[in-house]
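FYI, the numbering for the sequence shown is 11 to 464, going by the numbering used here. The beta-carbon is built from N, C-alpha and C at its ideal position, and this holds for glycine as well. Step one of this worksheet: look at the structure below.
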Amino acid sequence: RKHPLEIPPPSEKDWLKEDEEDFFLLDPDRKRDALPQPFRMINKLVMLVFENAMEIIERREMLREAQKLKVQPTKCFPTAEFQVPGRANCLAVSGKYVFVGLSVGLAAFKVSDCKEVCTWDAVKTEICAIHASDLGNERHILLVVDETGLVWLFCFHKESFLLIKILNEMEDISKRSTCVEVVLSPGGDYTGVLLQGNTKAWLEIYRLPKDSWLKEMEQNAGAAAGLACRERRSSWTSAADIFLLQESPVSANKVDAKLSLPVLLLKVKPPKPITGSSFKSPLDALKKVDDGSMLGLGYNHLIKDSQWEQQEAIFRSTYREYLEAEGGRENKDEIPRHATFHFLLPCWILQMGPEMKVQPDVPAGISVHWDGSHNLCLYLLNRPLKEKVDSDPTPDVVWPCAAPIACSAVSSCSRYLALACEDATITIWDKHLGYPLSVTALLEEHLIHSIHFL
């Protein structure tokens with residue numbers, strides 16, 4: 011070595027120097043900076059912990075102050091409560107009554123005092139869903155779904171339940187269908203029931219003769235009053251010396267009161283998969299089209315099965331590596347078993363003729379789209395009554411979309427229609443004017459499961 015070993019100079023800048031041995035007499039606060047190791051390291055760690063704690067405290071205080079500036083929601087507490095016989099599964103409010111679906115039967119309560127008015131437990135079945143509508147004059151229409159999937163149609167009048175019909179009742183249990191969804195139109199003019207069997211599903215639309223029901227219930231009420239009067243007269247004549255006035259316990263539903271049955275208007279089935287064409291010429295395909303004023307469902311085409319197979323082969327050969335990475339591509343066209351439908355008030359898109367008589371507050375059509383379908387189908391409700399309902403009616407209007415429709419919603423005023431597709435695109439339509447108001451595209455990785463108007 012050229013030079014002898016030397017002690018390296020100290021690296022710490024805050025070590026004491028020979029001429030600063032009495033520095034604490036001048037500035038006592040600097041004595042902390044001159045702590046030896048490992049006390050300086052411990053001091054720095056403790057100070058770091060305090061600084062991090064202060065940052066967390068300041069951040070929480072900022073969030074607390076920002077929360078105070080927000081509008082606090084109003085807390086609502088129950089004003090009254092009532093006991094129900096059994097377990098309550100569902101409820102619906104109509105007029106001044108609350109209808110509760112119980113573990114066994116159905117019950118009605120008054121909104122004013124929460125007192126039980128009457129119950130119905132004739133079948134001892136559990137109620138899973140209730141839909142109610144006020145018909146006026148203290149008359150209400152109820153659609154009830156029980157645990158077995160049966161749809162019960164009731165009329166509530168003079169604080170008593172009157173069973174009208176079971177919509178999907180079948181004598182053969184093996185052929186019985188279960189209810190998936192029930193929709194009651196505003197005003198109670200129509201109802202839609204989505205049913206599922208063992209291998210298929212379909213939608214039934216009924217017209218409810220509520221005007222006839224009002225007249226028939228008035229006649230039944232008069233018949234009940236006449237029967238009660240005859241009961242009282244017989245009690246008076248049987249005891250001449252004792253004047254006994256009793257009220258006969260005869261109500262409108264205990265008299266042989268039968269109301270008009272609902273009328274089945276439509277039976278809509280899911281669309282069939284599009285297959286190869288069997289037409290030999292374009293003229294044969296055009297003969298199947300009623301008129302050229304609307305789009306169809308895509309069945310009247312000239313594409314052969316060989317062309318579909320050739321297209322599938324080209325697709326698989328082009329994107330083979332992607333299909334192998336995803337585990338193959340399923341090519342099974344399954345018939346959908348669920349549909350979303352809405353009742354629509356009269357509007358421009360329904361294309362109603364001048365001969366059709368419509369009311370502004372009564373639905374004039376329905377919109378239906380099945381799972382996995384690109385088409386929104388519109389059906390008119392002002393149809394002539396037939397002895398046999400067409401099991402597969404042709405839609406009056408078809409709206410094709412670029413992607414399968416995931417969900418839809420109709421505003422409370424029934425003017426705006428929202429369609430959300432599987433490609434995360436939301437379109438808002440103005441049904442009165444017939445054109446889209448806005449189109450919003452979300453990120454592709456987002457999936458839309460439901461949409462609602464506020």
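Cβ neighbour criterion (16 or more within 10 Å) applied to residue i
| i | result |
| --- | --- |
| Lys441 | buried |
| Glu214 | buried |
| Ala118 | buried |
| Thr437 | buried |
| Cys431 | buried |
| His459 | exposed |
| Met64 | exposed |
| Tyr389 | buried |
| Ser316 | exposed |
| Leu507 | Shown here, the chain extends from 11 to 464; a query on residue 507 therefore has no answer. |
| Tyr332 | exposed |
| Asp221 | exposed |
| Pro356 | buried |
| Val449 | exposed |
| Ala323 | exposed |
Start-to-end residues for the beta strand (DSSP E) that takes in residue i
| i | result |
| --- | --- |
| Lys54 | No beta strand (DSSP E) contains Lys54, which is instead part of the alpha helix (DSSP H) from 49-79. |
| Ser377 | 375-380 |
| Glu179 | Taken as a continuous stretch (DSSP letters only), Glu179 belongs to no beta strand (DSSP E), as it is neither H nor E. |
| Asn385 | 385-390 |
| Lys120 | 116-120 |
| Gly146 | 137-146 |
| Val408 | 407-410 |
| Asp371 | Taken as a continuous stretch (DSSP letters only), Asp371 belongs to no beta strand (DSSP E), as it is neither H nor E. |
| Arg149 | 149-156 |
| His167 | 161-167 |
Bridge partner(s) assigned by DSSP for residue i
| i | result |
| --- | --- |
| Gln206 | Thr188, Ala211 |
| Tyr445 | Asp440 |
| Trp130 | Leu116 |
| Phe466 | The requested residue 466 does not occur in the structure, where the chain is confined to residues 11 to 464. |
| Gly111 | Cys100, Leu116 |
| Ala430 | Cys417, Ile436 |
| Arg217 | Tyr200, Val273 |
Residues of its chain near residue i, where Cβ-Cβ distance is below 6 Å and the 5 sequence neighbours each way are ignored
| i | result |
| --- | --- |
| Lys279 | Trp212, Asp402 |
| Val273 | Arg217 |
| Ile359 | Lys441, Gly444 |
| His456 | Ala434 |
| Trp496 | For the chain, the structure presents residues 11 to 464; residue 496 sits outside this window and is missing. |
Element boundaries [alpha helix (DSSP H), containing residue i]
| i | result |
| --- | --- |
| Ala323 | 315-328 |
Assumed close pair residue i, residue j - CB separation to whole angstroms, cut-off 8 Å
| i | j | result |
| --- | --- | --- |
| Ser418 | Thr328 | With a Cβ gap of about 34 Å, Ser418 and Thr328 do not count as contacting. |
| Leu173 | Trp162 | 7 Å |
| Leu478 | Ser287 | For residue 478 there is no data in the structure shown, the boundaries of the chain being 11 and 464. |
| Cys165 | Ile151 | 6 Å |
| Tyr10 | Val94 | Residue 10 lies beyond the stretch modelled for the chain, which goes from 11 to 464, so this question has no answer here. |
| Ser424 | Phe463 | In fact, because the Cβ distance is near 10 Å, the residues do not count as touching under 8 Å. |
| Lys134 | Val103 | So it is not a contact: roughly 25 Å between Cβ atoms. |
| Asn99 | Glu75 | Going by Cβ atoms, the distance from Asn99 to Glu75 rounds to 45 Å, so no, they are not a contact pair. |
Other residues of its chain near residue i: CB distance less than 7 Å, five sequence neighbours each side excluded
| i | result |
| --- | --- |
| Ser248 | Because the pLDDT at Ser248 is just 39, under 50, the model does not fix this residue reliably, and the point stays unresolved. |
| Lys125 | Phe119 |
| Ala374 | Leu354, Leu355, Pro356, Leu360, Met362, Val368, Leu390, Leu391, Asn392 |
Spatial neighbours of residue i in its chain, beta-carbon cut-off 8 Å, leaving aside the 5 residues before and after
| i | result |
| --- | --- |
| Val192 | Ala139, His141, Leu153, Val155, Val161, Thr201, Gly202, Val203, Leu204 |
| Phe92 | Phe119, Cys124, Lys125, Glu126 |
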